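Working notes for the structure below.
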Amino acid sequence: MNKDILKNLGLSKIKKDGFYPSVLIAKDYIYSKGNKKSVFSPINNERTASFRELKAHYIDETLDKLHKSFKQWRKVPAPKRALLISEIKTQAIKNKKDLAYLITLESGKIYEEALGEVQEFIDICDFAIGLSRQLYGLSITSERYKHKIIEQWYPLGTISIISAFNFPMAVWAWNAMLALVCGNTILWKPSNQAPLCALACFLLVQKALKKFKDYPQDIFAVIIASRKASKNILKNKKSSLISATGSVAMGKKIAPIIAKRLGKSLFELGGNNALIVCKSADLDLALKAVVFSAIGTAGQRCTSLRRLFVHKSIKKVFQEKLIAAYKSLNIGNPFEEKNIMGPLINKKSYENMQEALHLIKKQKGEIIYGGERILQKEETNSYYVKPALVKINHKALIVQNETFAPILYLMDFENIKEAIEMNNEVNQGLSSSIFTNDLKEAELFTSIFGSDCGLANVNVGTSGAEIGAAFGGEKDTGGGRESGSDAWKNYMRRLSSSINYGNETILSQGINFS
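For the sequence shown, the residue numbers in my numbering are 58 to 571.
What follows is the structure in structure tokens.
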């Protein structure tokens, strides 16, 4: 672990007696006294951080502080709030390489991908800055004489963000930068597998805040907490919106807790994503997209490619190309430039992958390449694997449920209608792609008769979305939208006002109540 980078990011200063704080808000750092919990890098199992388990009441106290500061922060005009976002962007650019180092250290994704993730952070800052002058409402014509109707948008309160290990900065930034510029305060509960990324981002934001003495300094908090303690985030009404990223199973567990208090939620859950390669497709273009979509972040992205449908007439050729591409992959330490794929996040992920491969065989599937663990001698307690290619029936139960690992199911189809039906037959609906040079096929796939996912790409892979569009999925993926377009409205409440500027009382719908 590079101690100079930890020092550069300010992490060394907040470490006390070997432990990092479990709560950070403004200048207040809480070093709880619970049981010791350590975090280990998936790269080499090196201990990266230690914490003490947090008692749940600290979460409620932090939400109280954020609620109070919200009342001050919302008074700051949005273009003035954007000045803070601009300074955060400046700090992110300045520390881009060091932040990327932390991402690779904690998530195991290759350094090139980590740099891309920090760039997403920077890009969403740009988007939020421009958005500050476009938080527009509507003026609506009234049916009543000398009346008008307007709609306005106001900040919700405190946005509580629960993020996953695979994008330990970008997903927070998508939510936080938009929520901040909209006038909200932020509580962030990061993955316990990637806490240093959250602490570094907290320190970066606080450094930016120091340049604005008249702004409230306690508009952003980070908590490192167990699942049990974190339930207080879900239960507390001062969490105005819960934005949660994780598995479908996680979503189903936390949704009832939020719903019990009729709270607002924004879910980004599992994908089980598919890509269709038509007979007219540019196979070299498709191949590159398939490989990156399937093995990027070791197949641990929510947009990772799981199901590949190839037209029968080209299946044999494409399968040969795919196996050759997989055989050429360099897998190993993600800091080494030659490597294109790093490790799985932990032993549990490896066990889940092996269980899936076992079920594949039981369900009459055939593993045609990979799936085995590698580099055991060099890294005894880390889990590097060869990505697996599998031939199996699209109706197999294992195909219907996402395995968060680099397993790609290879299947064929006869016509575009059949391919779209197979694309849509699973319960998840995040990302999907089609590779074709047939305009009708491309248009059909992106029409009401096509993909039922939130993302439907043409000649672009399932993974690697830009920040300008709304990001999210349908069905069991949760229906939430983050990042671009009008996703900012998630962090706002809508106020509709009917205004009478005349001298008569006129009831709507022509009602006479005299």
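Built from N, CA and C at the ideal position, the CB exists for glycine as well.
Since this is a predicted model, take the numbers as computed values, not measurements.
Compute the beta-carbon to beta-carbon distance between N330 and S361, rounded to the nearest angstrom, for a pair I have assumed lies under 8 Å. The count along the sequence shown starts at 1 and reaches residue 330 at position 273. The count along the sequence shown starts at 1 and reaches residue 361 at position 304. N330 to S361, Cβ: 7 Å. Contact.
On the DSSP bridge list, what partners appear for H204? The residue given as residue 204 occupies position 147 in the sequence shown. Beta bridge pairing from DSSP links H204 with N557.
Determine contact between the region 259-270 and the region 206-218, defined as no fewer than three beta-carbon pairs at a distance below 8 Å. The region 259-270 vs the region 206-218: no contact.
Y168 CB to nearest heavy atom of the ligand MG below 7 Å: Of ligands this structure carries none, so the ligand MG is not represented either.
Take R363 as the anchor and find which of K317, S283, I431, A445 has the nearest alpha-carbon. Looking up residue 363 in the sequence shown gives position 306. For the residues K317, S283, I431, A445, the minimum Cα distance to R363 belongs to A445.
With distance defined between alpha-carbon atoms, name the residue in P313, A282, R109, S69 nearest to I219. The residue you call residue 219 lines up with position 162 of the sequence shown. Across the set P313, A282, R109, S69, the C-alpha of A282 shows the shortest separation from the C-alpha of I219.
Does L342 come out as helix, strand or coil in the three-state DSSP assignment? Here the question's residue 342 lines up with position 285 in the sequence shown. When secondary structure is reduced to three states using DSSP, L342 falls in the helix class.
Identify the continuous alpha helix (DSSP H) that holds R138 and give its terminal residues. Translated into the one-based positions of the sequence shown, residue 138 becomes position 81. 135-151 is the extent of the alpha helix (DSSP H) around R138.
I280 lies in the alpha helix (DSSP H); which residues open and close that run? Here residue 280 refers to the residue found at position 223 when the sequence shown is read from its first residue. Unbroken run through I280 is the beta strand (DSSP E), 277-280; no alpha helix (DSSP H).
Could you give the distance in angstroms between the alpha-carbon of S287 and the alpha-carbon of G214? Within the sequence shown, numbered from 1, the residue matching residue 287 stands at position 230. Within the sequence shown, numbered from 1, the residue matching residue 214 stands at position 157. Rounded to the nearest angstrom, the two C-alpha atoms are 19 Å apart.
Beta-carbon within less than 7 Å of Q14's beta-carbon, same chain only, minus the 5 sequence neighbours each way: which residues are those? With the chain represented from 58 up to 571, any question about residue 14 goes unanswered, as that position is not in the structure.
Coil, strand or helix - S489 by DSSP: On the sequence shown, position 432 is the one that residue 489 refers to. Strand at S489.
Within the region 402-482, note down every full beta strand (DSSP E) run reaching 3 residues or more, in order along the chain. Those beta strand (DSSP E) runs which fall completely within the region 402-482 and span 3+ residues are 423-426, 445-448, 464-470.
Should Q263 be labelled buried (16 or more other beta-carbon atoms within 10 Å of its own) or exposed? Here residue 263 corresponds to residue number 206 of the sequence shown, with the count starting at 1. Flag for Q263 reads buried.
Can you check whether the C-beta of I333 is within less than 8 Å of a C-beta belonging to chain B? Of the protein chains in this structure there is only one, and it is not chain B.
What is the residue span of the beta strand (DSSP E) that V515 lies within? Working through the sequence shown from its first residue, we reach residue 515 at position 458. Counting along the chain, the beta strand (DSSP E) containing V515 begins and ends at 512-515.
Name the two residues that bound the continuous alpha helix (DSSP H) containing Y168. Along the sequence shown, one-based indexing puts residue 168 at 111. Per DSSP, the continuous alpha helix (DSSP H) segment holding Y168 begins and ends at 168-188.
Give the DSSP-derived three-state secondary structure of E394 in the structure shown. Counting from 1 along the sequence shown, the entry for residue 394 is found at position 337. Three-state DSSP puts E394 in coil, outside helix and strand.
Give me the Cβ distance between L81 and A251, rounded to the nearest whole Å; I'm assuming they're in contact under 8 Å. Locating residue 81 in the sequence shown gives position 24, counting from the first residue. Locating residue 251 in the sequence shown gives position 194, counting from the first residue. Taking C-beta atoms under 8 Å as the contact rule, L81 and A251 fail to qualify, at a distance of about 15 Å.
What is the rounded straight-line gap between the Cα of K94 and the Cα of A316? As a first step, residue 94 is located in the sequence shown; it is residue number 37 there, counting from the start. As a first step, residue 316 is located in the sequence shown; it is residue number 259 there, counting from the start. Computed Cα separation, rounded: 31 Å.
Applying the 10 Å Cβ sphere with the 16-neighbour rule, what's the burial state of T198? Here residue 198 refers to the residue found at position 141 when the sequence shown is read from its first residue. The residue is exposed, with fewer than 16 neighbouring Cβ atoms inside 10 Å.
Cutting at 7 Å between CB atoms, please list the residues of its own chain near L454, excluding the five before and the five after it. Against the sequence shown, residue 454 aligns to sequence position 397. For L454, where only same-chain residues beyond five positions count, the Cβ hits under 7 Å are Q420.
Between which residues of its own chain and N59 is the CB-CB distance below 7 Å, once the five residues before and five after are set aside? Here residue 59 is taken as the residue at index 2 of the sequence shown, counted from 1. Scanning its chain for C-beta atoms nearer than 7 Å, with the 5 sequence neighbours on each side dropped, one finds around N59 the residues Y158, in chain order.
What number of angstroms, rounded off, separates the C-alpha of R109 from the C-alpha of Y86? Walking along the sequence shown from the start, residue 109 turns up at place 52. Walking along the sequence shown from the start, residue 86 turns up at place 29. Using only the alpha carbons, I get a separation of about 13 Å.
Taking all protein chains shown into account, do 16 or more other C-beta atoms lie within 10 angstroms of the C-beta of N472, making it buried, or fewer, making it exposed? The residue given as residue 472 occupies position 415 in the sequence shown. Result: exposed.
Is the region 340-351 touching the region 316-326 in the sense that three or more CB pairs, one from each, lie closer than 8 Å? Three or more Cβ pairs closer than 8 Å define a contact, and the region 316-326 falls short of that threshold against the region 340-351.
Starting from the Cα of Y193, find the closest Cα among I568, W545, L332, Y441 and give me that residue. Numbered from 1 along the sequence shown, position 136 holds the residue referred to as residue 193. That would be W545, whose Cα lies nearest to the Cα of Y193.
Range of the contiguous beta strand (DSSP E) that encloses R363: On the sequence shown, position 306 is the one that residue 363 refers to. Per DSSP, the unbroken beta strand (DSSP E) holding R363 starts and ends at 362-368.
Check this for me: beta carbons of S196 and L244, under 8 Å apart or not? Here the question's residue 196 lines up with position 139 in the sequence shown. Here the question's residue 244 lines up with position 187 in the sequence shown. Not in contact: S196 and L244 (Cβ atoms no closer than 8 Å).
Identify whether P273 lies in helix, strand or coil by the three-state DSSP scheme. Counted from its first residue, the sequence shown places residue 273 at position 216. P273: coil per DSSP, three-state reduction.
Taking C-beta to C-beta, are V238 and L298 nearer than 8 Å? Residue 238 sits at position 181 when you count from the first residue of the sequence shown. Residue 298 sits at position 241 when you count from the first residue of the sequence shown. One thing to note: V238 has its Cβ no nearer than 8 Å to the Cβ of L298.
Taking DSSP's pairing of strands, which residues face N330 in a bridge? Along the sequence shown, read from residue 1 onward, the residue named residue 330 stands at position 273. Its beta-bridge partners are L362.
Alpha-carbon spacing of S540 relative to I290, whole angstroms: Stepping through the sequence shown from its first residue, residue 540 is reached at position 483. Stepping through the sequence shown from its first residue, residue 290 is reached at position 233. In a straight line, the C-alpha of S540 is about 22 Å away from that of I290.
S287: first and last residue of the uninterrupted alpha helix (DSSP H) it sits in: On the sequence shown, residue 287 is found 230 positions in, with the first residue counted as 1. Segment 284-292, the alpha helix (DSSP H) holding S287.
Helix, strand or coil for A301 per DSSP? Taking the first residue of the sequence shown as position 1, residue 301 is located at position 244. The answer is strand: DSSP assigns A301 an E or B state.
Pairing CB atoms from the region 411-431 with CB atoms from the region 163-182, are three or more of them under 8 Å? The way I'd put it, the region 411-431 doesn't touch the region 163-182; fewer than three beta-carbon pairs between them come closer than 8 Å.
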